[in-house]
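Residues in the sequence shown are numbered from 55 upward in steps of one, following my numbering. Worksheet for the structure shown next.
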Amino acid sequence: MIPSVSDVRQWNWSALSEQVISTESVATRLEDARDSIHASTNDLWSAWTGIAADAAADHLDRERKSDTNISYELREIASATRRADEDLAHAARVALDRIAAAERAGFTVGDGGVTAGPDFTGVYEGEPDAAAHWGMIQDALRVIGEVDDDHARRITGIVSNLIDVTPSPAAFSPDEAAHDWAMLTDGTVTSEDLGRFTTNLAAAGLDPQSLDELAKGKVVTALPAGAFSYLENLYGEAGADGVMELQQQLLADGSTSALDARDSLANGILTLSNEHVRDVDDDRGGWDRLPQDVRDLVGARPGSAQLDGYQVPPTLSAFMDTLPPDIRSELESEPGAAATAHRNALADPADAAYIDSVIRGREFWDFVGTGNGTPGAELGTKLVESAASQASVLDTPGSGTSPYDTIPITVGHAGESMLDVATSNHDVSARVLAGDLNGDGRTDIQRDDILTPLFTHAWDDGGESAGRLTNWMTHEIGDAHAAGDPARADRAELAALHLSQYLSHEASFDRLMDVHGENTSSIGEVNPGLVRAFADGLHGYIPELVRADASGAWKEDNLDSPNSNENARRIFTLMATDQESSAIFGSAATAFGRYYADDFVEGPSYLGASNAGRLQALLDTGIYNAGREMFDDRARIDEFVQQRREDTFNTNYTIIRNLVALDPRLSGTVGLLMDVNSTSIRDTFVPAFDNPELTPFTGDFSRYSAPNAYNLLENAVGRYGLPDDPTIVDDLRTLGLLRSDGTLTYPSGDPSLDKITDLADRTLETHGIDFSTFREHYIDAYGSVAPTTRESSSPR
Numbered sequence: 055m056i057p058s059v060s061d062v063r064q065w066n067w068s069a070l071s072e073q074v075i076s077t078e079s080v081a082t083r084l085e086d087a088r089d090s091i092h093a094s095t096n097d098l099w100s101a102w103t104g105i106a107a108d109a110a111a112d113h114l115d116r117e118r119k120s121d122t123n124i125s126y127e128l129r130e131i132a133s134a135t136r137r138a139d140e141d142l143a144h145a146a147r148v149a150l151d152r153i154a155a156a157e158r159a160g161f162t163v164g165d166g167g168v169t170a171g172p173d174f175t176g177v178y179e180g181e182p183d184a185a186a187h188w189g190m191i192q193d194a195l196r197v198i199g200e201v202d203d204d205h206a207r208r209i210t211g212i213v214s215n216l217i218d219v220t221p222s223p224a225a226f227s228p229d230e231a232a233h234d235w236a237m238l239t240d241g242t243v244t245s246e247d248l249g250r251f252t253t254n255l256a257a258a259g260l261d262p263q264s265l266d267e268l269a270k271g272k273v274v275t276a277l278p279a280g281a282f283s284y285l286e287n288l289y290g291e292a293g294a295d296g297v298m299e300l301q302q303q304l305l306a307d308g309s310t311s312a313l314d315a316r317d318s319l320a321n322g323i324l325t326l327s328n329e330h331v332r333d334v335d336d337d338r339g340g341w342d343r344l345p346q347d348v349r350d351l352v353g354a355r356p357g358s359a360q361l362d363g364y365q366v367p368p369t370l371s372a373f374m375d376t377l378p379p380d381i382r383s384e385l386e387s388e389p390g391a392a393a394t395a396h397r398n399a400l401a402d403p404a405d406a407a408y409i410d411s412v413i414r415g416r417e418f419w420d421f422v423g424t425g426n427g428t429p430g431a432e433l434g435t436k437l438v439e440s441a442a443s444q445a446s447v448l449d450t451p452g453s454g455t456s457p458y459d460t461i462p463i464t465v466g467h468a469g470e471s472m473l474d475v476a477t478s479n480h481d482v483s484a485r486v487l488a489g490d491l492n493g494d495g496r497t498d499i500q501r502d503d504i505l506t507p508l509f510t511h512a513w514d515d516g517g518e519s520a521g522r523l524t525n526w527m528t529h530e531i532g533d534a535h536a537a538g539d540p541a542r543a544d545r546a547e548l549a550a551l552h553l554s555q556y557l558s559h560e561a562s563f564d565r566l567m568d569v570h571g572e573n574t575s576s577i578g579e580v581n582p583g584l585v586r587a588f589a590d591g592l593h594g595y596i597p598e599l600v601r602a603d604a605s606g607a608w609k610e611d612n613l614d615s616p617n618s619n620e621n622a623r624r625i626f627t628l629m630a631t632d633q634e635s636s637a638i639f640g641s642a643a644t645a646f647g648r649y650y651a652d653d654f655v656e657g658p659s660y661l662g663a664s665n666a667g668r669l670q671a672l673l674d675t676g677i678y679n680a681g682r683e684m685f686d687d688r689a690r691i692d693e694f695v696q697q698r699r700e701d702t703f704n705t706n707y708t709i710i711r712n713l714v715a716l717d718p719r720l721s722g723t724v725g726l727l728m729d730v731n732s733t734s735i736r737d738t739f740v741p742a743f744d745n746p747e748l749t750p751f752t753g754d755f756s757r758y759s760a761p762n763a764y765n766l767l768e769n770a771v772g773r774y775g776l777p778d779d780p781t782i783v784d785d786l787r788t789l790g791l792l793r794s795d796g797t798l799t800y801p802s803g804d805p806s807l808d809k810i811t812d813l814a815d816r817t818l819e820t821h822g823i824d825f826s827t828f829r830e831h832y833i834d835a836y837g838s839v840a841p842t843t844r845e846s847s848s849p850r
């Protein structure tokens with residue numbers, strides 16, 4: 055991969071040498087162990103002869119040869135890494151020398167190129183200009199990339215050899231799981247018992263690298279033969295209740311080995327369930343491998359067959375002993391509540407069985423979620439379905455049909471634990487958002503039946519757990535592009551589209567704006583964490599919402615019909631119901647708005663202006679429509695709009711930096727991290743609305759013209775430098791647009807918007823850029839989203 059100028063400036067000169075030392079240390083320890091075993095057994099053969107002795111000697115000889123082969127490959131890796139370190143360091147120094155040469159000549163060097171510095175006086179005849187310096191720097195950067203690729207190929211080949219000479223782990227014996235379970239449940243657990251169990255669980259589990267690959271949706275084949283049978287038999291022997299008793303025992307032990315075993319116990323359930331986990335014989339995980347009682351916990355519904363046979367404890371004390379501390383404490387805090395709950399449970403054991411399954415499921419998935427594994431897709435989708443069902447049941451008390459009407463017990467955070475486990479597999483989230491739970495490309499459910507109860511339930515955590523279904527797409531697409539994984543990028547893109555289609559559908563939108571019925575709270579008030587997850591997942595797709603990018607899954611008519619922006623407006627309106635979510639979208643809009651300005655400056659297309667206008671209109675209408683939906687009083691609407699606009703344009707640089715890293719379109723945008731956090735420029739985005747009931751957007755674009763002109767100016771100067779006209783340069787300084795160090799800044803205080811616009815326009819003209827053309831296309835595009843009433847005397 056070709057590094058950037060910033061990468062070279064931040065070069066870690068010791069990173070590879072430290073890896074060399076670590077690898078050589080592993081090889082040395084292996085050689086020492088090999089030699090120690092050989093020395094210790096030399097005296098044995100003089101006193102031991104016969105068939106068994108010969109077999110032992112042959113085995114030790116094979117082990118010695120195997121250890122020697124492994125040690126050789128480890129030292130080859132260390133040697134190759136050392137050569138890579140030397141060659142890359144040399145190439146990096148060459149690049150740094152060329153950067154330094156350009157800076158000594160008075161140029162400023164950044165990731166986007168070489169430009170004239172503040173004290174630049176020109177180049178002497180025969181000396182390289184900015185373009186020549188940039189060309190030499192790019193050549194040096196390319197050499198680093200080529201050296202890196204060459205050594206990476208060599209090291210990859212050696213690692214492949216190491217894998218080939220490393221013996222496969224031994225297979226599990228058929229009765230291993232039964233032996234371990236009997237050992238752990240015989241009343242005493244010794245350190246030797248714990249060590250054996252931990253070793254077996256680790257051998258039947260996945261290493262950190264495999265867990266990471268699995269989280270990315272890759273197939274892993276790291277398990278030894280018999281591992282699935284071991285896990286299947288172990289959890290089958292234990293059952294869900296046995297697993298919970300064992301994990302509590304390990305937690306109470308508190309030793310490092312006990313806690314390691316507890317982590318492996320949690321991860322083992324997910325390993326067993328995952329269809330992407332395979333062993334050396336190509337046996338694989340899946341839903342059907344899970345113990346029946348675990349599957350019953352997931353599938354339990356009011357009145358379902360899985361609950362048949364449940365027995366309510368006959369005494370109040372026994373009933374209370376089955377409850378976790380939080381529920382028990384709540385019942386005990388209210389006189390008579392515990393007795394009422396027990397009496398009603400005895401009278402209606404079917405409802406009691408359902409509530410018991412919800413409680414046991416919450417405890418079980420809370421524990422499983424403490425691990426770092428990834429569930430299989432079928433387990434994950436069934437967990438999401440179960441969480442949606444539980445939310446629906448919780449939201450129907452008072453109807454006379456809910457188990458919670460019969461037995462007044464509050465089970466907090468029940469669905470959250472299932473969602474936390476399920477959504478660690480992004481394939482699960484993508485399937486749910488598409489309504490394609492089987493993952494076969496065909497819709498097999500009505501996704502509203504799952505998403506609507508999940509999104510409209512008033513969650514204890516504000517919707518954060520439910521939001522994990524939707525918060526991952528922007529980050530995922532950046533990671534996938536960086537890893538060269540188009541399948542993951544496509545999955546994220548399609549999931550973002552499916553979420554957008556759901557949110558912008560009229561029925562869904564109306565329900566989310568009035569969660570509990572007409573004129574009730576919006577989704578941002580009920581579940582702010584959920585709306586932030588919407589914003590986190592979608593803010594990287596703002597170009598698609600703006601219709602600036604109709605490629606891939608986002609074809610021209612997949613969200614909005616041609617010449618319509620109604621669905622996009624609804625999405626921006628939903629984001630505006632929560633302060634932080636609106637700020638996330640506003641910060642992303644700042645980044646993409648600068649990209650569109652840069653696109654216009656680069657020319658020759660006018661699409662940058664149109665996209666910028668459409669984006670600003672979507673932000674404006676989203677905020678205004680949210681205010682109208684949430685309030686009836688004109689004064690409160692105006693107050694909300696004013697405050698939410700200030701929140702929205704209070705730039706979050708973390709969002710912008712992450713977008714620059716994730717989206718290749720933004721990495722080359724000049725001046726993207728300009729200071730728009732100052733009150734002066736933020737206030738230019740807060741126009742007053744006249745007669746908002748008829749048209750909130752008066753068509754007076756003077757408060758947009760100034761910042762737009764400044765954005766274009768900063769991009770133009772970044773690309774082409776300051777104008778040669780000294781009068782314009784003096785005027786830029788006088789108005790406060792040009793600092794003493796030669797860099798641009800938006801004026802502080804209360805600058806004249808007309809003066810900023812006029813001076814920026816004059817400066818842009820020296821570079822052949824017509825701001826009036828930008829403004830014309832910007833206003834037309836703005837009006838296509840937000841109808842405006844043009845004022846003939848409106849300032850530029």
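C-beta atoms are modelled at their ideal positions from N, C-alpha and C, and glycine is treated no differently. All of these numbers come straight from a predicted model, not from anything done at the bench.
Closest to Asp614 by C-alpha separation, out of Ser245, Leu557, Val348, Leu142, would be which residue?
Leu557
Below 8 Å, how does it come out for the stretch 519-528 and the stretch 467-486: are there three or more Cβ pairs, yes or no?
yes
Tell me the rounded alpha-carbon separation between Ser635 and Arg586.
5 Å
Which value, in whole angstroms, describes the spacing of the CA atoms of Asp139 and Gly280?
42 Å
Nearest-angstrom Cβ-Cβ length linking Ala294 and Asp347, presumed shorter than 8 Å
5 Å
Strand pairing of Phe161, partner residues [DSSP]
Ala170
Taking the runs of the beta strand (DSSP E) that are 3 residues or longer, which of them lie wholly in the stretch 427-481?
none
How about Pro238 and Leu300: are their beta carbons less than 8 Å apart?
Correcting the residue identity first, residue 238 is Leu in this sequence and not Pro. Yes; because the gap between Cβ atoms is below 8 Å, this pair is in contact.
My output table needs one value for Val54: the three-state DSSP class, helix, strand or coil.
Missing from the structure shown is residue 54; the chain here goes from 55 to 850 and no further.
Out of Pro761, Ser618, Gly357, Phe161, state which residue places its alpha-carbon closest to the alpha-carbon of Ser886.
Only positions 55 to 850 of the chain appear in this structure, which leaves residue 886 out of reach.
Contact check, Ile153 vs Ile191, beta carbons under 8 Å:
yes
Could you work out which residue in Asp342, Arg668, Pro345 is closest to Gly837 when comparing CA atoms only?
Arg668
From Ala651 to Ala666, what distance separates their C-alpha atoms?
7 Å
Evaluate contact between the stretch 244-259 and the stretch 309-329, counting only Cβ atoms and requiring at least three cross-stretch pairs below 8 Å.
yes
Between the CA atoms of Ala149 and Pro172 - distance to the nearest angstrom:
23 Å
If you run the structure through DSSP and keep just helix, strand and coil, what is Leu285?
helix
Using DSSP bridges, identify the partner residues of Val274.
Val331
Within a Cβ cutoff of 8 Å, which residues of the same chain sit near Phe251, ignoring the five residues on either side of it in sequence?
Asp234, Met237, Leu238, Ala315
Which class does Arg565 belong to by DSSP, given the choice of helix, strand or coil?
helix
On the premise that Gly339 lies in contact with Asn328, defined as a C-beta separation below 8 Å, what is that separation, rounded to the nearest angstrom?
4 Å
On the premise that Thr820 lies in contact with Pro777, defined as a C-beta separation below 8 Å, what is that separation, rounded to the nearest angstrom?
4 Å
Sorted by chain position, which residues of the same chain lie with C-beta nearer than 6 Å to Trp65's C-beta, five sequence neighbours on each side aside?
Ala146
Classify Gln263: buried if its beta carbon has 16 or more other beta carbons within 10 angstroms, exposed otherwise.
exposed
Using DSSP with H/G/I as helix, E/B as strand and the rest coil, what is Leu523?
coil
Using alpha carbons as the reference points, say which of Glu78, Ala269, Ser125 lies closest to Ala132.
Glu78
Within 10 angstroms of its Cβ, does His831 collect 16 or more other Cβ (buried), or is it exposed?
buried
Determine the DSSP secondary structure at Ala98, reduced to helix, strand or coil.
The sequence given here has Leu at residue 98, not Ala. Helix at Leu98.
How is Arg83 classed by DSSP in three states: helix, strand or coil?
helix
Less than 7 Å between C-beta atoms, sequence neighbours within five positions excluded: which residues of the same chain meet that for Glu386?
Ala392
Excluding the five sequence neighbours on either side, which residues of its own chain have a C-beta within less than 8 Å of the C-beta of Ser311, listed in chain order?
Ser245, Leu248, Gly249, Thr252
Neighbour-count burial assignment, His552, 16 or more Cβ in a 10 Å radius
buried
List the DSSP bridge partners of Leu792.
Leu798
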